[in-house]
Amino acid sequence: MANHLPPKGELLYEGKGKQVFRTADPETLVLAFKDTATAFDGRKRSELADKGRINNAINDHLMAYLGERGIPVHHLGRVGVAESAVRNLEMLPVEAVVRNVVAGSLARRLGRAEGEPLSRPIFELYYKSDELGDPLVNEFHALAFGWAAEDELRRMTELAFQVNDVLHPLFAAGGLTLVDYKLEFGRFRGELYLGDELTPDGCRLWESATGEKLDKDRFRRDLGDVLEGYRAIGRRLGVDL
Ligand code: TMP
Ligand code: ASP
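When the sequence shown is numbered by the working numbering, its final residue is 441 and no position is left out of the sequence of numbers.
Shown next as structure tokens:
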């Protein structure tokens, strides 16, 4: 654990899955992963004891792995069982989804079978708004409404696919299929950084051999013990839980 990082100060913001605290350093924040599970823009909610600790450990593992491979990540290190220190990014109001296999809203929107492999990965943009249900948008919306600049959208796309190039084989080596995932980006000292989290709350991960869903779809669709799925993901990645 990175004990040299600053301790947390006042609560800056509380989201559905995390709390964000200031520190004495204005460029550093502390994220506290909550045990709360939410889906469908907050309409479904439960407390899952220990989820915060498990997600913090998985996020630390994945963010550090990406950082070591040259992806600019906000993550600095774990500072508590369910807490990590991060760079204080100016977040973009659009999030990126990368898909390798048809699932979820893509299956519904285009009438495709869940599980259909994609001949190449798909990049999508969503506008972050619980009230609107995170609507699908494109680069033209982002530019017209001033959500991101053209070079930022280009960089976001490039980084989103680079993350795929690193994480897809990492999960495959653990017998897991990275079906899709959501990324959030923000500005820090003039550069775009990967922010938010990389946990089973924001990815779809299927056991490759059986197709068993191990991610938050277990919660969304009441498929069984949610955290048993998350722990299985951690074990397969070699995360010390
Ligand atoms: P979707 O199929 O519901 O569009 O979601 C695609 C992936 O992105 C899935 O792994 C869940 C994740 N996601 C979030 O975690 N939060 C979001 O707000 C959105 C739109 C997607
Ligand atoms: N859209 C994502 C989900 O269905 C996240 C959210 O609803 O907050 O889980």
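Ideal Cβ placement from N, Cα and C applies to all residues, glycine included.
Here the structure is a predicted model, which is why all the values come from computation and not from measurement.
Nearest-angstrom Cα distance between residue i and residue j?
| i | j | result |
| --- | --- | --- |
| Gly257 | Ser319 | Looking at the sequence provided, one finds Ala at residue 257 rather than Gly. Straight-line Cα distance between these residues: approximately 32 Å. |
| Ile433 | Glu290 | 30 Å |
| Leu248 | His204 | 30 Å |
| Asp396 | Glu412 | 26 Å |
| Val337 | Val294 | 9 Å |
| Ile271 | Leu394 | 8 Å |
| Ala242 | Thr377 | In the sequence under discussion, the amino acid at residue 242 is Gly, which differs from the Ala named in the question. If I take the Cα positions, the gap works out to 26 Å. |
| Pro321 | His368 | 11 Å |
| Leu211 | Arg222 | 6 Å |
| Asp440 | Val279 | 15 Å |
| Tyr265 | Leu276 | 12 Å |
| Asp351 | Val273 | 18 Å |
| Thr410 | Gly386 | 36 Å |
| Gly429 | Lys208 | 30 Å |
| His261 | Val281 | 13 Å |
| Gly315 | Arg436 | 21 Å |
| Gly390 | Gly267 | 18 Å |
| Val230 | Tyr213 | 11 Å |
| Arg421 | Phe388 | 37 Å |
| Leu370 | Lys244 | 31 Å |
| Arg354 | Leu414 | 32 Å |
| Arg299 | Phe340 | 21 Å |
| Arg312 | Tyr381 | 18 Å |
| Thr228 | Met263 | 16 Å |
For residue i, list the residues DSSP reports as bridge partners.
| i | result |
| --- | --- |
| Thr236 | Glu247 |
| Asp380 | Arg299 and Arg404 |
| Gln219 | Glu214 and Ala232 |
| Tyr326 | Glu295 and Leu336 |
| Phe388 | Glu391 |
| His275 | Val286 |
| Pro206 | DSSP, once it has assigned bridges, lists no residue as partnering Pro206. |
| Pro317 | Val301 |
| Lys416 | Beta-bridge pairing links Lys416 to no other residue. |
| Gly280 | Glu283 |
Just to confirm, are residue i and residue j a CB contact at a threshold of 8 Å?
| i | j | result |
| --- | --- | --- |
| Leu427 | Lys251 | yes |
| Ser408 | Gly375 | yes |
| Ala373 | Leu292 | no |
| Ser246 | Ala237 | yes |
| Val297 | Glu324 | yes |
| Asp401 | Gly217 | yes |
| Gly442 | Arg418 | A query on residue 442 cannot be resolved here, the shown segment of the chain reaching from 201 to 441 and no further. |
| Val220 | Val301 | no |
| Arg253 | Val366 | no |
| Ala303 | Lys416 | no |
| Pro317 | Tyr326 | no |
Assuming residue i and residue j form a contact by the criterion Cβ under 8 Å, report the distance between their Cβ atoms to the nearest whole angstrom.
| i | j | result |
| --- | --- | --- |
| Asp235 | Pro206 | Not quite, the Cβ-Cβ distance comes to about 24 Å (not below 8 Å), so this is no contact. |
| Asn259 | Leu392 | Asn259 to Leu392, Cβ: 19 Å. No contact. |
For the region 358-365 against the region 324-338, are there 3 or more C-beta pairs whose distance is under 8 Å? no
**Report entry** Three or more C-beta pairs below 8 Å linking the region 340-351 and the region 298-313
**Finding:** no
- Validate contact between the region 405-419 and the region 282-298 using beta carbons, cut 8 Å, 3 pairs: no
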